[in-house]
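In numbering that gives the first Met the number 0, the protein residues as written are 0 to 290.
We put the beta carbon where it would ideally sit given N, CA and C, even for glycine.
Shown next, in structure tokens, is the structure this report addresses.
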Amino acid sequence: MQKTKLSTYVLLLFLSFLFSGCTTDDIVESNPQMVVEGWIESGGNPYVRVTTTIPISKEYQSTDSLDRFLLESARVCVSDGTTTAVLRGVYSKRYTPSFIFSTDKIFGVPGRSYTLTVDYENFHASAVTTIPEPVAVDSFRIEPVQGNDTLFHIRAFIHDTPTADNYYRFLVRDDEGRGSKEFLPAYLGVFSSSMIREGGVFVNQGRNNIAEEKTNSYFTCGEKVQFKLAHIDSEAYNFWRKFEDVASFSRVPTLSGDYTLPGNVTGALGYWFGYGVRAYSAEMPDYDSLR
Numbered sequence: 000m001q002k003t004k005l006s007t008y009v010l011l012l013f014l015s016f017l018f019s020g021c022t023t024d025d026i027v028e029s030n031p032q033m034v035v036e037g038w039i040e041s042g043g044n045p046y047v048r049v050t051t052t053i054p055i056s057k058e059y060q061s062t063d064s065l066d067r068f069l070l071e072s073a074r075v076c077v078s079d080g081t082t083t084a085v086l087r088g089v090y091s092k093r094y095t096p097s098f099i100f101s102t103d104k105i106f107g108v109p110g111r112s113y114t115l116t117v118d119y120e121n122f123h124a125s126a127v128t129t130i131p132e133p134v135a136v137d138s139f140r141i142e143p144v145q146g147n148d149t150l151f152h153i154r155a156f157i158h159d160t161p162t163a164d165n166y167y168r169f170l171v172r173d174d175e176g177r178g179s180k181e182f183l184p185a186y187l188g189v190f191s192s193s194m195i196r197e198g199g200v201f202v203n204q205g206r207n208n209i210a211e212e213k214t215n216s217y218f219t220c221g222e223k224v225q226f227k228l229a230h231i232d233s234e235a236y237n238f239w240r241k242f243e244d245v246a247s248f249s250r251v252p253t254l255s256g257d258y259t260l261p262g263n264v265t266g267a268l269g270y271w272f273g274y275g276v277r278a279y280s281a282e283m284p285d286y287d288s289l290r
């Protein structure tokens, strides 16, 4: 299993570095590595981002344009065991960064395995993932935050057996898109079946770890929200749980110490995960209805 150094992870694409209190003796120069971010949902197509890490160097590096770390000419392929498709790189405002590889020739089916290969110059990476069966949210309700009747969270109820060893992740998108039309990971939204209680599980606001210095985990009056419950495997759980732990205790998750993320890509840093998803919509009470 590939161990991903968080301090050089793909999210560095959005980070402006500020090195203070460092001497040249503190810096160990490193060579760039290829980074792969890929996923395929049940009922959806595969999506893959390919970048390089930003090498830490003694020399000054401008971050005015980080596009040079996108590997737009990489060859990205996905196979479902029957069909092998070459993914096409496109610019899309739906995703951040806006360049992403995808194809409509591969379709996510629960229980099916998908092999990803990525080639760029001397880099070669591969990974395999299987999409778990989607699990439904039995019901959910919108509740005001204690002590504040203009902020809300969603309480979702999921029927699962605590000893089933199932793993989940909430993804959230609001009307404004919070700077992106992409579903964002819900704040503290990774959990296992052993963590599900009769009182339900909270669905919090989506978190953009780089674009936002401060994260409000609640929803506001009149906000229309879409959220997904993603059934994930143990590899995805371990990866996102570790990332969530680091991000929760760090102002800048990409420069938060010598942490490791347990990626599943061979030959590169990163991940390739399958998600079995169910999607839902909710609307927070508007201000007038609370008066």
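Stretch pair the region 100-112 + the region 146-154: three plus CB contacts closer than 8 Å: no
Where Gly20 sits in the DSSP three-state scheme: Because Gly20 sits at a pLDDT of 35, beneath the cut-off of 50, its placement in the model cannot be relied upon, and the following sentence gives the value as read from the coordinates. Coil, per DSSP.
Among Ser233, Ile99 and Thr128, nearest to Trp271 - alpha-carbon criterion: Thr128
Burial state of Ala163 (16 or more Cβ within 10 Å): exposed
Length-filtered (4 minimum) alpha helix (DSSP H) runs lying within the region 107-145: none
Own chain, CB closer than 6 Å to Pro284, minus 5 neighbours either side, in chain order: none
Beta-carbon spacing of Gly205, Leu228 below 9 Å: no
CA-to-CA distance, Leu69 to Tyr94, given in whole angstroms: 14 Å
Backbone CA spacing between Tyr274 and Pro45 [nearest angstrom]: 11 Å
For Lys223: DSSP bridge partner residues: Glu282
Cβ neighbour criterion (16 or more within 10 Å) applied to Ala126: buried
Expected contact under 8 Å - CB spacing of Val47 and Phe100 to nearest Å: 4 Å
Classification of Asn305 by the beta-carbon crowding that lies within 10 angstroms, buried from 16 upward: In the structure as shown, the chain starts at 0 and stops at 290, and residue 305 therefore has no counterpart that could be examined.
Distance CB(Arg154)-CB(Val200) smaller than 9 Å: yes
Cβ-Cβ separation, Thr51 to Val77 (assumed contact under 8 Å), whole Å: The Cβ separation is near 21 Å, so there is no contact.
Asn147 - partner residues in DSSP beta bridges: Val144
Tyr217 in three-state terms, based on DSSP: coil
Start and end residues, beta strand (DSSP E) containing Met33: Met33 to Glu40
Collapsed DSSP secondary structure at Arg240 in the structure displayed: helix
The beta strand (DSSP E) enclosing Val264, as first and last residue numbers: Run containing Val264: none; DSSP gives neither H nor E here.
Reference Ile141, options Glu243, Trp38 and Tyr217, closest by Cα: Tyr217
Straight-line gap, Val49 to Arg87 (C-alpha atoms, nearest Å): 12 Å
Neighbourhood of Arg277 by C-beta distance below 8 Å, restricted to the same chain and skipping five residues each side: Pro133, Val134, Ala135, Val136, Lys227 and Leu228
Three-way DSSP call (helix, strand, coil) for Ala73 in this model: coil
Which of helix, strand or coil DSSP assigns to Phe182: coil
Pair within 9 Å by beta-carbon distance, Val85 and Val35: no
Cβ-Cβ distance between Ile157 and Ile130 below 9 Å: no
Limits of the unbroken beta strand (DSSP E) element including Ala84: Thr83 to Val85
Candidates Thr114, His123 and Phe190, of which the one nearest Ser233 by Cα: Phe190
Test item: CB-CB of Gly146 and Arg111 under 9 Å: no
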